[in-house]
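Engineer: Residue numbers (the numbering used here), protein chains in the order written: chain A, 38 to 408; chain B, 299 to 531. Below is the structure I would like to discuss, written out as structure tokens.
This is the structure we're talking about:
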């Protein structure tokens, strides 16, 4: 059920490009960025790295000292030419950290607040998708945190935006609610046909949602690339610290083992993984995250072991990071898939490993983290 | 107790002048309150002080200043008379101007506090949903400040009803034109043997004040309800 709330826009297919510079006291934001026109871009960084400042500039809520901002073929901001499209004309939806629902409107009034009069987006469909149809007559003050976030997401979507910004929309939710909404947002962002920028300092959220990753540090953009490409880069291991050197694999669900509660997915056509059971439908694509330290290496196939997953891989690259001099970081390749692994330097030497060598990657099923 | 024609006249004039005063200060009051609540500028304290001046000045001074400014010989008064043929002193409209000026700071004060309490984050959210500044103000800012607006309006109305010093100075004490309840009461007190009539006016003043308090309470509750029911179709 793909949802496309935009019915009349050609700039959908074009991307966002920006260059901004802003000084606020001692903080200095300096960013230059081009983002893909489709999919979800995660903006990752510690608090104070400038993620939210960047988002506010894109939304038109703040104005940088100098900068240029272009979405598709529209110029939203050009300080040199004194051009600045005000926030209410940018058609950029924002889901804020706090839901920011209007307390004097009912849920329905909040949802319809930004709805364009002509060519109305599919109200019923989006409300259904968000699972908030039973809340329409409630006042925002009576909603739970999770419900309020859903309404806020719906309100932004129904304003028919050409770009959706989400600023840590899961902040302040407890574990279970957070997981639920995270899964929901991941699903939603794959169904809507507009680019999404998702700001977070939580690696798990980013891994679950983002296709593209922008890494920010003290007001600067350190790297911007496909999520998995960045995860495979040794030099970013520390900066992506929270990610704890992990890899993302995406595969198609082919079988559920209801007795042992396990799920089998296929990677490409040749290899399979066995994971802790999920509720994903057969045939659907899911992502799993596996930490580098959860992968073991064997030089030959292993029998009689609890490692359920044995993948034939090639060692593509290796390094020793100064921060962890006891271990060797490996990048493994299996077809088009890449995996990060790490093992002690001692093992590396004793097993006679080298770049180009074909080995077996061993992964326990329980170590997978379905997203 | 049946009311004498003079008493009816005083009540009618009081309500007319009170309502007219509130009506003319509401638009500038809302604008000034919003400006003070949402903007920082040089000399803000001075503007703030000027607005509050009628609260602390003797009302007679305000009345005299109005006379100087808006009287037929006054700077503005001269222009008003020559170009529009309007003369304010010694008319009920003049009384409404005088009591409005006296009530202005009370309206601005209450409204400003309420406007300052409206979260600018909600206004920002509204603007990302496509609302221009005017729509943000009329649908978010002002509705959320309604409690302050009502309080301010009632306070201003009560102040205008009871206004004495500025009114008598600027608009004089003319029966049937500017003799409101307080002025009528003052006239009776000055006249020997009118104690009973004075007491009657006293009681009337109390009743009107109570009624307006009750009405404002009812209005506040009703507005709150209607705000909540809006968009609940």
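Note that the Cβ used here is the ideal one computed from N, Cα and C, for glycine as well. Since the model is a prediction, treat every value here as computed from it, not as a measurement.
Between residue 464 of chain B and residue 413 of chain B, what straight-line distance do the alpha-carbon atoms span, to the nearest angstrom?
Structural biologist: For the purposes of this step, residue 464 of chain B is taken as the residue at position 166 of the second chain. For the purposes of this step, residue 413 of chain B is taken as the residue at position 115 of the second chain. Between the C-alpha atoms of residue 464 of chain B and residue 413 of chain B there is a straight-line separation of about 29 angstroms.
Engineer: Do you know how far the Cα of residue 112 of chain A is from the Cα of residue 120 of chain A?
Structural biologist: For the purposes of this step, residue 120 of chain A is taken as the residue at position 83 of the first chain. For the purposes of this step, residue 112 of chain A is taken as the residue at position 75 of the first chain. When rounded, the distance between both Cα atoms is 8 angstroms.
Engineer: Does the Cβ of residue 403 of chain A have 16 or more other Cβ atoms within 10 Å, making it buried, or fewer, making it exposed?
Structural biologist: For this step, residue 403 of chain A is matched to residue 366 along the first chain. Exposed, because fewer than 16 other Cβ atoms sit within 10 Å of the Cβ of residue 403 of chain A.
Engineer: Only counting the same chain, and skipping five residues up and downstream in sequence, which positions put a Cβ closer than 6 angstroms to that of residue 329 of chain A?
Structural biologist: Looking up residue 329 of chain A in the first chain gives position 292. Once the five neighbours on either side are set aside, the close Cβ partners of residue 329 of chain A are 282, 377, 378, 379.
Engineer: Based on the DSSP output, what are the partners of residue 69 of chain A in its beta bridges?
Structural biologist: As a position in the first chain, residue 69 of chain A is number 32, starting the count at 1. According to DSSP, which records beta bridges pairwise, residue 69 of chain A is partnered with A/56.
Engineer: If you check the beta carbons only, do residue 446 of chain B and residue 404 of chain B fall under 8 angstroms apart?
Structural biologist: Sequence index remark: in the second chain, residue 446 of chain B carries index 148 (1-based). Sequence index remark: in the second chain, residue 404 of chain B carries index 106 (1-based). Their beta carbons are not under 8 angstroms apart, which means residue 446 of chain B does not touch residue 404 of chain B by this criterion.
Engineer: Give a yes or no on whether the C-beta atoms belonging to residue 401 of chain A and residue 305 of chain A are separated by under 8 angstroms.
Structural biologist: Position 364 of the first chain, counted from the start, is the residue given in the question as residue 401 of chain A. Position 268 of the first chain, counted from the start, is the residue given in the question as residue 305 of chain A. Cβ atoms of residue 401 of chain A and residue 305 of chain A: not closer than 8 angstroms.
Engineer: Identify, in the order they occur along the chain, each residue of the same chain with its Cβ nearer than 8 angstroms to the Cβ of residue 87 of chain A, setting aside the five sequence neighbours on each side.
Structural biologist: Residue numbering aside, residue 87 of chain A sits at position 50 when the first chain is read from its first letter. 64, 66, 68, 253, 255, 256, 257.
Engineer: State buried or exposed for residue 154 of chain A, treating a residue as buried only when at least 16 other CB atoms are found within 10 Å of its CB.
Structural biologist: Mapped onto the first chain, residue 154 of chain A falls at position 117. Exposed, since its Cβ has fewer than 16 Cβ neighbours within 10 Å.
Engineer: Within 8 angstroms, do at least three Cβ pairs link the segment 465-477 of chain B to the segment 381-399 of chain B?
Structural biologist: Verdict: yes, contact present.
Engineer: Measuring only between beta-carbons, confirm whether residue 131 of chain A sits less than 8 angstroms from chain B.
Structural biologist: Numbered from 1 along the first chain, position 94 holds the residue referred to as residue 131 of chain A. Chain B, which has a Cβ nearer than 8 angstroms to the Cβ of residue 131 of chain A, makes this yes.
Engineer: Using a Cβ-Cβ cutoff of 9 angstroms, what residues of the segment 412-431 of chain B are near chain A? List them in chain order.
Structural biologist: 417, 419, 420, 422, 423, 424, 425, 426, 427, 428, 429, 430, 431
Engineer: Just to make sure I have the definition right: I need the residues of chain B whose C-beta is within less than 7 angstroms of the C-beta of residue 124 of chain A. Which are they?
Structural biologist: Working through the first chain from its first residue, we reach residue 124 of chain A at position 87. Per Cβ cutoff of 7 angstroms: 425, 426.
Engineer: What do you reckon, is the C-beta of residue 328 of chain A under 7 angstroms from a heavy atom of the ligand ZN?
Structural biologist: Ligands displayed in this structure: none; no statement on the ligand ZN is therefore possible.
Engineer: Listing by chain order, which chain B residues have their CB less than 8 angstroms from the CB of residue 98 of chain A?
Structural biologist: Counting from 1 along the first chain, the entry for residue 98 of chain A is found at position 61. Here the neighbours are 422, 425, 426.
Engineer: With DSSP as the reference, please indicate the residues paired to residue 357 of chain B in a beta bridge.
Structural biologist: Against the second chain, residue 357 of chain B aligns to sequence position 59. Paired residue(s): none; residue 357 of chain B is not in a bridge.
Engineer: Residues in its own chain within less than 6 angstroms of residue 196 of chain A by CB, not counting five upstream and five downstream?
Structural biologist: For the purposes of this step, residue 196 of chain A is identified with residue 159 of the first chain, where counting begins at 1. Correct list, in chain order: 130, 151.
Engineer: Can you list, in chain order, the residues of its chain whose CB lies under 6 angstroms from that of residue 353 of chain A, leaving out five sequence neighbours each side?
Structural biologist: The sequence position of residue 353 of chain A within the first chain is 316, counting from 1. So the list reads 368, 370, once near-sequence residues are dropped.
Engineer: Which residues bound the alpha helix (DSSP H) around residue 403 of chain B?
Structural biologist: Counting from one through the second chain, the residue named residue 403 of chain B turns up at place 105. It spans 390-414 - the alpha helix (DSSP H) in which residue 403 of chain B sits, taken as one unbroken run.
Engineer: Please tell me whether residue 441 of chain B has its Cβ less than 8 angstroms away from any Cβ of chain A.
Structural biologist: Here residue 441 of chain B is taken as the residue at index 143 of the second chain, counted from 1. Yes - at least one Cβ of chain A is within 8 angstroms of the one on residue 441 of chain B.
Engineer: Taking just the CA atoms, how far does residue 420 of chain B sit from residue 125 of chain A?
Structural biologist: Position 88 of the first chain holds residue 125 of chain A. Position 122 of the second chain holds residue 420 of chain B. Rounded to whole angstroms, residue 125 of chain A and residue 420 of chain B show a C-alpha spacing of 13 angstroms.
Engineer: Starting from the beta carbon of residue 438 of chain B, find every residue of chain A whose beta carbon is closer than 7 angstroms, and list them in chain order.
Structural biologist: For the purposes of this step, residue 438 of chain B is taken as the residue at position 140 of the second chain. Result: 139.
Engineer: Drop a sphere of 10 angstroms on the beta-carbon of residue 90 of chain A, count the other beta-carbons inside from all chains shown, and report buried for 16 or more, exposed for fewer.
Structural biologist: Stepping through the first chain from its first residue, residue 90 of chain A is reached at position 53. Answer is buried; the Cβ neighbour count reaches 16.
Engineer: I want to see whether chain A comes within less than 8 angstroms of residue 530 of chain B, judged by CB atoms only; does it?
Structural biologist: The residue you call residue 530 of chain B lines up with position 232 of the second chain. At residue 530 of chain B, the pLDDT of 41 sits below 50, so the modelled position is not reliable and the matter cannot be decided from this model.
Engineer: How close, in whole Å, do the beta carbons of residue 132 of chain A and residue 94 of chain A come, if the pair is a contact with beta carbons under 8 angstroms?
Structural biologist: Counting from one through the first chain, the residue named residue 132 of chain A turns up at place 95. Counting from one through the first chain, the residue named residue 94 of chain A turns up at place 57. Contact flag wrong, Cβ pair sits at about 17 angstroms.
Engineer: For residue 346 of chain A, list the residues DSSP reports as bridge partners.
Structural biologist: Here residue 346 of chain A is taken as the residue at index 309 of the first chain, counted from 1. DSSP output for residue 346 of chain A lists A/400 as bridge partner(s).
Engineer: Kindly list, in the order they appear in chain B, the residues whose Cβ is closer than 7 angstroms to that of residue 62 of chain A.
Structural biologist: Mapped onto the first chain, residue 62 of chain A falls at position 25. Those within 7 angstroms of residue 62 of chain A in chain B number zero; the least Cβ separation is about 17 angstroms.
Engineer: Taking its Cβ as the centre, do 16 or more other Cβ atoms sit within 10 Å of residue 190 of chain A, making it buried, or is it exposed?
Structural biologist: As a working note, residue 190 of chain A is residue 153 in the first chain. When all chains shown are included, residue 190 of chain A counts as buried.
Engineer: Out of A/336, A/76, A/181, A/55, point me to the one whose CA is closest to residue 250 of chain A's CA.
Structural biologist: By one-based count along the first chain, residue 250 of chain A stands at place 213. Of A/336, A/76, A/181, A/55, the residue nearest in Cα terms is A/76.
Engineer: Considering residue 307 of chain B, what are the terminal residues of the alpha helix (DSSP H) in which it resides?
Structural biologist: If you number the second chain from 1, residue 307 of chain B lands on position 9. Residue 307 of chain B -> alpha helix (DSSP H) spans 303-336.
Engineer: Where does residue 523 of chain B land, buried or exposed, given buried means 16+ other C-beta within 10 angstroms?
Structural biologist: Counting from 1 along the second chain, the entry for residue 523 of chain B is found at position 225. Exposed, by the Cβ-count rule.
Engineer: Identify which residue in B/400, B/492, B/402, B/371 has its Cα closest to the Cα of residue 387 of chain B.
Structural biologist: Within the second chain, the letter at position 89 stands for residue 387 of chain B. The shortest Cα separation from residue 387 of chain B among B/400, B/492, B/402, B/371 belongs to B/371.
Engineer: If you draw a straight line from the C-alpha of residue 364 of chain A to the C-alpha of residue 274 of chain A, how long is it?
Structural biologist: Position 327 of the first chain, counted from the start, is the residue given in the question as residue 364 of chain A. Position 237 of the first chain, counted from the start, is the residue given in the question as residue 274 of chain A. If I take the Cα positions, the gap works out to 13 angstroms.
Engineer: Taking 8 angstroms as the threshold (C-beta atoms), are residue 285 of chain A and residue 326 of chain A in contact?
Structural biologist: Here residue 326 of chain A is taken as the residue at index 289 of the first chain, counted from 1. Here residue 285 of chain A is taken as the residue at index 248 of the first chain, counted from 1. It is a contact, given that the beta carbons lie within the stated cut-off.
Engineer: Taking any Cβ of chain B, which residues in the segment 180-204 of chain A have a Cβ under 8 angstroms from it, in chain order?
Structural biologist: Within the segment 180-204 of chain A, the qualifying residues are 192, 193, 196.
Engineer: Determine the closest residue to residue 337 of chain A out of A/316, A/399, A/117, A/187, with distance taken between C-alpha atoms.
Structural biologist: Here residue 337 of chain A corresponds to residue number 300 of the first chain, with the count starting at 1. For residue 337 of chain A, the nearest C-alpha among the options comes from A/399.
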